[in-house]
Amino acid sequence: MDLTTTYLGLNLKSPLVVSASPLSEDLNNIRKMEDAGASAVVLYSLFEEQIIGEQKELDFHTTAGTHSFAEALTYFPEPGEYRAGPEKYLEHIRKAKEAVKIPIIASLNGSKPGSWTKFAKDFQQAGADAIELNIYNIPTDSNQSGEEIENSYVDILKEVKAAVTIPVAVKLSPYFTNMVNMAKKLDDAGANSLVLFNRFYQPDVDLEELVIRPQVQLSHSPNSKLPMRWIAILKGRIKADLAATSGIHTGYDAIKMLMIGANVTMFCSALLQNGIYYLTDIEKEIVEWMNEHEYKSVKQMIGSMSQKNIPDPSAFERAQYMKAIVKYKF
Amino acid sequence: MKDKVYVTIDGNEAAAYVAYRVNEVIAIYPITPSSNMGEWADEWASKGIKNIWGSIPTVCEMQSEGGAAGAVHGSLQAGALTTTFTASQGLLLKIPNMFKIAGELTSTVFNISARTLATHALSIFGDHSDVMAARTTGFAFLAADSVQQVMDFEIIAQASTLESRLPFVHFFDGFRTSHEEMKIELLSEDVMRQMMNAELIEAHRNRALSPDHPVLRGTAQNPDVFFQNRETMNKFYTDCPDIVQKHMDKFAQLTGRQYQLFEYHGAPDADKVIILMASGCEPAHETIDYLLKQGEKVGVLKIRLYRPFDMKRFIAAIPKSVKKIAVLDRTKEPGATGEPVYLDVINAYYEAVSNGWSGITEIPKIVGGRYGLSSKEFTPSMIISVFDNLKLDKPKHNFTVGINDDVYHSSLDYDTELSIESDKVVRAMFYGLGSDGTVGANKNSIKIIGENTDNYAQGYYVYDSKKAGALTVSHLRFGPDKIRSTYLINKANFIACHQTVFLEKYDMLKNIGEGGTFLINSPWSVEEVWNNIPKTTQERIIKKKVKLFTIDAQKVAEASGMGRRLNTVMQVCFFAISGVLPREEAIKAIKDSIVKSYSRKGDEIVNMNLQAVDNSLENLFEVPVPNTVSATFDLSLPVPADSPEFVRNVIGEIIAGRGDELPVSAFPQDGTWPTATAQYERRNIAFEIPVWDEEICIQCGKCFMVCPHATIRAKVYDPALLGNAPGTFKSVEARDKEYAGMKYTLQVAPEDCTGCGVCIEVCPVKNKSNTSLKAINLVPQIPLRESEAKNWEFFLSLPEVDRSNIKLSNIRQQQLQRPLFEFSGACSGCGETPYIKLLTQLFGDHTVIANATGCSSIYGANLPTTPYTKNAEGRGPAWSNSLFEDNAEFGLGYRLAIDKQKDIARQLVNELKSQIGNELAEEILNSPQKDESDIFNQRKRVEKLVEIVSKIGSPESKRLLSVKDYLVKKTVWIVGGDGWAYDIGYGGLDHVIASGKNVNILVLDTEVYSNTGGQASKASPLSAVAKFAMKGKPTNKKDLGMMAMAYGNVYVASVAMGAKDEHTLKAFLEAEAYDGPSIIIAYSHCIAHGIDMTAPLKQQKLAVDSGQWLLYRYNPVLAAQGGNPMSLDSKAPKLPVADYLNTENRFKMLKVSHPEIAKEYFKQTQTFVEDRYKFYDYLANRRFNPEVQEEETK
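Order-wise, the sequence lines are chains A and B.
The numbers in our numbering rise by one with no breaks, and the one at position 112 of the first sequence is 112.
The numbers in our numbering rise by one with no breaks, and the one at position 353 of the second sequence is 353.
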């Protein structure tokens, strides 16, 4: 049974990749992931806000109240070397690389072009095999057009691509007016893969404290239908690889994603819920299904049911209620 | 010489730079203005910087300067090259060891940034009273004039001490030299190596105590031999001057800079000479050059080696032609026949003439005078006045210069307008706020100029005595020649006003020179600027033909992401219009400097500063100056015109920046100062102030409980009183049922509020229609200033609530008590002051406070104003500060005196019982005075007593009248910070709590030396980064409470108002009620923690919730009743301690500077807090005194 696949130019032993999550903050977990059969690990994200926020915070607190009062011209010593910015993260990449043989994909998360993109170069130097660029912002400026937002995504990608020679994947949200056009723009700008789709913290109201608290909701299998549609549509229309993420909880979910065109399938919620070693169950399910259905290799499966490779391409274009109406007419 | 390296540094760094490189052990303790030397040493050691022999010196913080001296003594005895740094009271504490070190002929150099000793008042500034107090120790004393000399003399002193075996005090003037930044030539390590003789170092080591060649020192000697033995070392003192001169000569060969023990500058045939030492020599040198050009025959003799005083070299250095000499001492020795240097000079001449060794036959006319106490200005004009005095037939002796002595008429008149500075010197002054980064920018500017041009550069900074909204004035000079002007600028080419509010407060252009430039940061357009400038300033602009520029720096800074930090913006403007450097070159230099300074902190910081540079120039405009004054307003009065006379004439003048002009007669002779004066200074420093939403307020009292400056208060009162209320005065029905039918008002003092926002943080109410609003909300101050000031005035006129009916355990009622501590100079958002305010609310009218030196003594009593105030009856806290180290003992002294006088009074009441009347006498003697109404009634009884006793007229009755006040309860509160309680004053504190006496101790625990700028104390928690603990404090916080509890009869409480205010209140009430020693350890958040000071209470809550800070009370009264005295009042940790540590920069910094250490320390902290909680929990829940309990159950 050949489970190998290629993703971002990397030869992976299977299509089972662990996506960015707090699990990868712990080196032992990364070892467990390898042990459980993960073919690559996307590390937890280094956030633009975190890098900039920490720099500003450190600067603010080391200068607050200084040079005001003759006896206390400063309140903190000046260390010779700050490891402000990505130092801790870079160290983590280095250690992860030492700890496991599988590829390590570093994740950089931000919303607008800026100095943070140059950390991609540091990632490469620290040994990352590839970079996953996670771009998302919540536009609230009523004067900003969709096009401007889309262009800023492309600009970020270009900045990162200019800084590194290792492959770069772009993780996206589904909220684009024309997903295919957006994918094409990123493809043209050099994206080596698109990762579809991101899940976000959503705000919730705390009725006791009357404050808004961010909530993380883990995905479920039905969530996989959204990426399924778009991967199927994009497969063959762009050069970039495609990675499926969101709602992949079983081996069958993974197989479906491979068949509609994903080069790899990514897991997060499933592992948070069931533990890292749940990956072995998934792999087992895939192998069993392939045996049962006489598939020899994963590569054989990939894209076999993409929009271009199915008899009725419109299946991916219609919305549900249309089907119902059509049925009724007949 | 091309290979010379120039640096722009201050005197402290210059001293530490060399001292660090030629020593092996350094014992330190913070004290202004010397703290920075220790900080440098600690920083370099932490960074692994090595001394000239390749070893990293061991730097050890001690618990006091006395401790540091002991450690130095020991280290020297054990053979290491050892040094220390200190000043003022710190030097006094070292004196006992200094006698020993000198008596044992031990080589060391003590580096002293000379500072005023506390007498009638404390002063952090510079004079020679400290070094003069140490001059009898047997140390050699070497005085440096300037930053360059500090660096040079440090190595000369180090070399000389090794050879002469005399220990050295190397001193320079506190602040004037220690904090003056100057471009100097850096001493190379190669020169240091050549100066430090290896054989002498070996000899030093061979004298060390070692069991391999044992000897004994420190014997006790008897009358038969001590005297002779003491005379054995004379040779070392006679040899020392030659040795020092030899090393000065060697140094000259190595560097080209030649020094003499006594250095004369002036006419070779001078008839008038002045003699002085340290920084005053520089303007004297400058003035002599000026006077020589005028044809005067004058000179200055600069004393370098003051002890041992080499009389022959001294006499030889002064031209024989001299007829008159003025000796200037920077100290005052009341009761002496003259100040120290004067007496030395007199004696030298007497010896020279009487013994005939000098060829002089007649002693010149010699007069002595005092100058420069507490960094008082010492200018060329004053120096000229000293020469003018010498011109008189009978020159004034025992004179003063620099002040107006209208009482004893000792002072010399001088011309305040005279400036002798060369036109080649660029002189710039910058008025900024501490928080806007002005000083930082100027420090950077002089480095840029120092490093990018051949110009010399000098920077000196004058700071405020307030910590919140502090004014800073920077004085910068640049010029092609060496700058000797060690005084403030009085004729500036450039003045910048970095904050618009200063325009109406200060006479900004008092010091502008003809044709100078004035730059204003203002929100106004070019057209609007002129009419917003006050009359006085407009007049000066027109008269002096001043060029006027403006920029909206706030706007530019905000647009660049810099918030309120205007530093880069204003710096760019300075370079753009001052012409110190070509504009393009200057901009490039600023940008290079930004990249260099901020890269460490990250690109984002670099980018926002670079952005600010680019944005500045396009927003800088020249303002056309009209020919006529058009202002309709002038500078504001410093205090209201109807303030009390002393406030108007003295305090107001100090506030206005005219304190230098006040004469001697203006001041009380013994340092006594009135309380209740802060109310007259309307600082108007808040951008935003809280405004009350009376509709939704639940009247809980929390906002005014936490207000650090007592600027938000509430009253309940009779509705009838609202008749004359201003139209915008708010009031609602009081919610408390016990005040039914009364009105309630929450009012802010708009001109005193600092705008910290802590009241908003604590407010528990949210507006139901808009949850971003609370029952108090911050709004811009300016539009409300006038109306709210009227409301505040009306509010103050309303009667206070009847204290005798207040339920003290109920915060909403207790907080109606008037604070007797208000509008202090503490930092915005201060965590200490709410505790002091609470103390004064509860007990202020019968409390005497002993206050340790530190933040609380500074915001409590730094002139001009005093925050402790009085109630309507004129009662309030009486307050004093003795020292840093003796506060507990000082407070105990209060107790002893009060108790003694109470005993005398009671005895006299007994004796006079028949005349007083039995009933009244018994009531007075037996009143328990446990609560407010008891105390109130006792006061009434004493009034009655006075009425009766006044008529008796016997000696006993008169004695009783002199002590009658002690029949009414007096409480002693001993207040101070953790530096005092845990470190320097711990021995005394321990003794005082062991005494069993009824004193209350309040430890304002910020877990760091806050006042001196954040050095670690034994209260600092594990992992906290502080100065002297750059790699994080490696040990756990000392458990002071546990140590106090060990006595069993001490009331102990650990509180955190921000975590549980009721608990804090309870602890204060119990401590006061306990008839014995009480100690409250109060968690005080602090700017030195690196936290958001607008929401600091959440830090206290996190500290308690994570177990980092415990809440408990240990009440011996309960033990006496057979119960468990220990009550643990905080719950088991419910958060990982990292959740707290990660919110404070003092801990987080370690994660970015030393991640591995941080990881380990955070882990250890978690274990520590868990174990400690278990232990306290055990103490609180164990069966205490089981026998008694069992007995009771039966």
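Yeah, the Cβ is synthetic: ideal placement off N, Cα and C, and Gly gets one too.
- For the region 1083–1099 of chain B, enumerate the residues whose C-beta is nearer than 8 Å to any C-beta of chain A, in chain order. Ile1087, Ala1088, Gly1090, Ile1091, Met1093
- Message: Using a Cβ distance threshold of 8 Å, determine whether the region 468–475 of chain B contacts the region 413–422 of chain B, with at least three qualifying pairs required.
- Response: no
- cysteine 763 of chain B: contacting residues in chain A (beta-carbon distance under 9 Å): Taking the second sequence and counting its residues from 1, one reaches residue 763 of chain B at position 763. Correct list: empty, because the minimum Cβ distance to chain A is about 13 Å.
- Going straight from the alpha carbon of proline 203 of chain A to that of isoleucine 836 of chain B, what length do you get? Position 203 of the first sequence holds residue 203 of chain A. Position 836 of the second sequence holds residue 836 of chain B. One C-alpha to the other measures close to 42 Å.
- For the region 935–970 of chain B, list the alpha helix (DSSP H) runs that are entirely contained and at least 4 residues long, ordered along the chain. 955–963
- Message: Restricting to Cα atoms, I'd like to know which of B/Val109, B/Gln458, B/Phe85, B/Val300 is closest to arginine 115 of chain B.
- Response: The residue you call residue 115 of chain B lines up with position 115 of the second sequence. Considering only alpha carbons, the answer is B/Phe85.
- Query: What is the DSSP secondary structure of tryptophan 879 of chain B, counted as helix, strand or coil?
  - Reply: Taking the first residue of the second sequence as position 1, residue 879 of chain B is located at position 879. Strand.
- Taking the alpha-carbon positions, what's the aspartate 329 of chain B to glutamate 645 of chain B distance? The residue given as residue 329 of chain B occupies position 329 in the second sequence. The residue given as residue 645 of chain B occupies position 645 in the second sequence. For aspartate 329 of chain B and glutamate 645 of chain B, the distance between alpha carbons rounds to 34 Å.
- Task: Scan the region 57–68 of chain A for residues whose Cβ lies nearer than 9 Å to a Cβ of chain B and list them as they occur along the chain.
- Result: Glu57, Leu58, Asp59, Phe60, His61, Thr62, Thr63, Ala64, Gly65, Thr66, His67, Ser68
- Query: Looking at the structure shown, is tryptophan 973 of chain B part of a helix, part of a strand, or coil, going by DSSP?
  - Reply: Numbered from its first residue, the second sequence carries residue 973 of chain B at position 973. DSSP places tryptophan 973 of chain B in strand when its eight states are reduced to three.
- Task: Measure the alpha-carbon distance for serine 962 of chain B versus threonine 74 of chain A and round it to whole angstroms.
- Result: For the purposes of this step, residue 962 of chain B is taken as residue 962 along the second sequence, with counting starting at 1. For the purposes of this step, residue 74 of chain A is taken as residue 74 along the first sequence, with counting starting at 1. One C-alpha to the other measures close to 49 Å.
- Item | Residue interval of the alpha helix (DSSP H) (run including proline 1116 of chain B) | Looking up residue 1116 of chain B in the second sequence gives position 1116. Unbroken alpha helix (DSSP H) run through proline 1116 of chain B: 1116–1120.
- Message: Looking at the secondary structure, which residues open and close the beta strand (DSSP E) in which leucine 433 of chain B lies?
- Response: Sequence index remark: in the second sequence, residue 433 of chain B carries index 433 (1-based). Per DSSP, leucine 433 of chain B belongs to the beta strand (DSSP E) from 426–433.
- Query: Under a three-way DSSP split, which group does glycine 893 of chain B fall into?
  - Reply: Here residue 893 of chain B refers to the residue found at position 893 of the second sequence. Reduced to three states, the DSSP call for glycine 893 of chain B is helix.
- Taking contact to mean at least 3 C-beta pairs separated by less than 8 Å, is the region 968–988 of chain B in contact with the region 891–899 of chain B? yes
- Item | For aspartate 1005 of chain B, the first and last residue of its enclosing alpha helix (DSSP H) | Residue mapping note: residue 1005 of chain B aligns to position 1005 of the second sequence, counting from 1. First-last for aspartate 1005 of chain B: 1000–1005, but that is the beta strand (DSSP E), not the alpha helix (DSSP H).
- Task: Mark isoleucine 782 of chain B as exposed unless 16 or more other C-beta atoms lie within 10 angstroms of its C-beta, in which case mark it buried.
- Result: In the second sequence, residue 782 of chain B corresponds to position 782, counting from 1. By the 10 Å Cβ count, isoleucine 782 of chain B comes out exposed.
- Query: Does the count of Cβ pairs from the region 632–643 of chain B and the region 679–691 of chain B closer than 8 Å reach three?
  - Reply: Because the criterion of three Cβ pairs below 8 Å is met, the region 632–643 of chain B and the region 679–691 of chain B touch.
- Message: Within a Cβ cutoff of 8 Å, which residues of the same chain sit near glutamine 929 of chain B, ignoring the five residues on either side of it in sequence?
- Response: The residue given as residue 929 of chain B occupies position 929 in the second sequence. Once the five neighbours on either side are set aside, the close Cβ partners of glutamine 929 of chain B are Ile935, Gln938, Val968, Lys969.
- Message: Taking the beta strand (DSSP E) that glycine 66 of chain B belongs to, which residues open and close that run?
- Response: On the second sequence, residue 66 of chain B is found 66 positions in, with the first residue counted as 1. First-last for glycine 66 of chain B: 65–77, but that is the alpha helix (DSSP H), not the beta strand (DSSP E).
- Message: Measuring only the C-alpha atoms, how far is valine 401 of chain B from lysine 272 of chain B?
- Response: Taking the first residue of the second sequence as 1, we reach residue 401 of chain B at position 401. Taking the first residue of the second sequence as 1, we reach residue 272 of chain B at position 272. Rounded to the nearest angstrom, the two C-alpha atoms are 17 Å apart.
- Close-in-space but distant-in-sequence residues of the same chain around arginine 193 of chain B (CB under 8 Å, 5 per side omitted): In the second sequence, residue 193 of chain B corresponds to position 193, counting from 1. Here the set comprises Ile52.
- Message: Quick check on the DSSP output: the alpha helix (DSSP H) that includes threonine 568 of chain B runs from which residue to which?
- Response: Within the second sequence, the letter at position 568 stands for residue 568 of chain B. Start and end: 567–578.
- Message: Is it buried or exposed, proline 750 of chain B, if we count other Cβ atoms within 10 angstroms and call 16 or more buried?
- Response: Numbered from its first residue, the second sequence carries residue 750 of chain B at position 750. Under this definition proline 750 of chain B is a buried residue.
- Rounded to whole angstroms, what's the CA-CA distance from cysteine 756 of chain B to asparagine 851 of chain B? Just pull it up for me. For the purposes of this step, residue 756 of chain B is identified with residue 756 of the second sequence, where counting begins at 1. For the purposes of this step, residue 851 of chain B is identified with residue 851 of the second sequence, where counting begins at 1. Cα-Cα distance, rounded: 25 Å.
- Message: Give me, in chain order, the residues of the same chain whose beta-carbon lies closer than 6 Å to that of alanine 676 of chain B; leave out the 5 immediate sequence neighbours on both sides.
- Response: Residue numbering aside, residue 676 of chain B sits at position 676 when the second sequence is read from its first letter. Excluding sequence neighbours, alanine 676 of chain B sits near Thr869, Lys870.
- 8 Å Cβ cut-off: residues of chain A touching serine 419 of chain B: Here residue 419 of chain B is taken as the residue at index 419 of the second sequence, counted from 1. Residues of chain A passing the Cβ test: none, with the nearest at roughly 25 Å.
- Can you name the start and end residues of the beta strand (DSSP E) that glycine 110 of chain A belongs to? Your numbering for residue 110 of chain A matches position 110 in the first sequence. Residues 104–110.
- Starting from lysine 88 of chain A, find everything on chain B with Cβ-Cβ shorter than 7 Å and list it in chain order. Translated into the one-based positions of the first sequence, residue 88 of chain A becomes position 88. Pro1155, listed in chain order.
- Item | Spatially closest choice to serine 411 of chain B from B/Asp393, B/Met382, B/Lys1131, by CA coordinates | Reading the second sequence from its first residue, position 411 is the one you call residue 411 of chain B. Looking at the Cα atoms, B/Met382 is the closest of the given residues.
- Segment limits, alpha helix (DSSP H) that includes aspartate 1061 of chain B: Residue 1061 of chain B sits at position 1061 when you count from the first residue of the second sequence. Taken as a continuous stretch (DSSP letters only), the alpha helix (DSSP H) holding aspartate 1061 of chain B covers 1061–1073.
- Message: Quick check: the region 23–31 of chain B against the region 1010–1019 of chain B, are at least 3 beta-carbon pairs closer than 8 Å?
- Response: yes
- Query: What are the boundary residues of the alpha helix (DSSP H) that glycine 652 of chain B is part of?
  - Reply: Along the second sequence, one-based indexing puts residue 652 of chain B at 652. 652–655 is the span of the alpha helix (DSSP H), which, as asked, contains glycine 652 of chain B.
- Cut-off 8 Å between Cβ atoms - residues of its own chain near isoleucine 446 of chain B, not counting five sequence neighbours on either side: If you number the second sequence from 1, residue 446 of chain B lands on position 446. If we look at isoleucine 446 of chain B and ignore the five residues flanking it on each side, its Cβ neighbours are Thr8, Glu181, Lys183, Ala457, Gln458, Gly459, Leu476, Phe478.
- Query: Which residues in chain B sit within 8 Å of phenylalanine 76 of chain A, going by Cβ to Cβ distance?
  - Reply: Working through the first sequence from its first residue, we reach residue 76 of chain A at position 76. The contacting residues are Gly1014, Val1025, Ala1026, Lys1027, Ala1088, Gly1090, Asn1145, Arg1146, Met1149.
- Let me know the secondary structure DSSP gives cysteine 855 of chain B once reduced to three states. For this step, residue 855 of chain B is matched to residue 855 along the second sequence. In the structure shown, cysteine 855 of chain B sits in a helix (DSSP, three-state: H, G or I).
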